[in-house]
Amino acid sequence: MPKVSHYYFKTAIVFLIIGIAMGLQMSISGNHNVIGAHAHVNLLGWVTMALFGTYFALVPGKAEGRLAMIQYWVYTGGVVVIVPALYFMLLGNEALEPLVAIGSLVSFAGVILFAYMVFAKDAPASGREAVAGS
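Below, the structure written as structure tokens:
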């Protein structure tokens, strides 16, 4: 399995644990005012990262090179910024709204990079395949 897939799966599990902890905290306290952050950590962190890792595992040629790791770090960086900023903003610290916006834009950039990789034409592995495919 490609290294980037391992990174995505490990990071996804960390976000799943955080998401479950947030859900438990809301349930125990009876206060659900951070449900937006809970949803973001589960969908952007757990689900999307697991899907990215699965894609790279199924299409390992797309995981080669630096672009896959750059995409991982851009997307992950955005999620790492948005989740705590949104959590504390929903608790009443409205000064964190710019960080939520920055995290959102960085995460979006990671999604755009991923889309580019999905739609980019595969390069042949060697010159022989290029000649055979002509």
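Quick note: the sequence shown uses the working numbering, first residue -8, plus one each step. Glycine residues also receive a C-beta, built at the ideal position from the N, C-alpha and C atoms.
query                                                                                                                                                                              : result
Any contact between the segment 81 to 90 and the segment 49 to 60? By contact I mean 3 or more CB pairs, one from each, below 8 Å.                                                 : no
Following the continuous alpha helix (DSSP H) through K112, name the residue where it begins and the one where it ends.                                                            : Neither: K112 is in no alpha helix (DSSP H) and is coded neither H nor E.
Give the range of the alpha helix (DSSP H) segment to which P75 is assigned.                                                                                                       : R57 to L81
Apart from the five residues on each side of it in sequence, which residues of its chain come closer than 7 Å, Cβ to Cβ, to V150?                                                  : The chain is shown only over -8 to 125; residue 150 falls outside these bounds and no answer can be derived.
For Y(-2) and A41, which I take to be in contact (beta-carbon distance under 8 Å), what is that distance rounded to the nearest angstrom?                                          : In fact, because the Cβ distance is near 12 Å, the residues do not count as touching under 8 Å.
Could you check the C-alpha separation between D113 and V65 for me, to the nearest Å?                                                                                              : 22 Å
Can you say whether G101 is buried or exposed, counting buried as having 16 or more other CB atoms within 10 angstroms of its CB?                                                  : buried
Smallest Cα separation from N33: which of A54, H23, I9 and V97?                                                                                                                    : I9
In whole angstroms, what separates the C-alpha of S95 from that of K1?                                                                                                             : 22 Å
Quick check: the Cα distance between M108 and Y63, rounded to an integer number of angstroms?                                                                                      : 12 Å
Which residues in the same chain as S117 place their Cβ atom closer than 7 Å to its Cβ, once the five residues preceding and following it in sequence are excluded?                : Because the pLDDT of S117 is 43, which lies under 50, any placement of that residue in the model is unreliable, and the number read from its coordinates should be weighed accordingly. Result list for S117: empty, nothing under 7 Å.
Does K53 have its Cβ less than 7 Å from a Cβ in chain C?                                                                                                                           : Within the model displayed, chain C is absent; a lone protein chain is all it includes.
Could you name each continuous alpha helix (DSSP H) segment of 4 residues or more that falls completely within the segment -6 to 46, going from the start of the chain to the end? : -6 to 20 and 26 to 31
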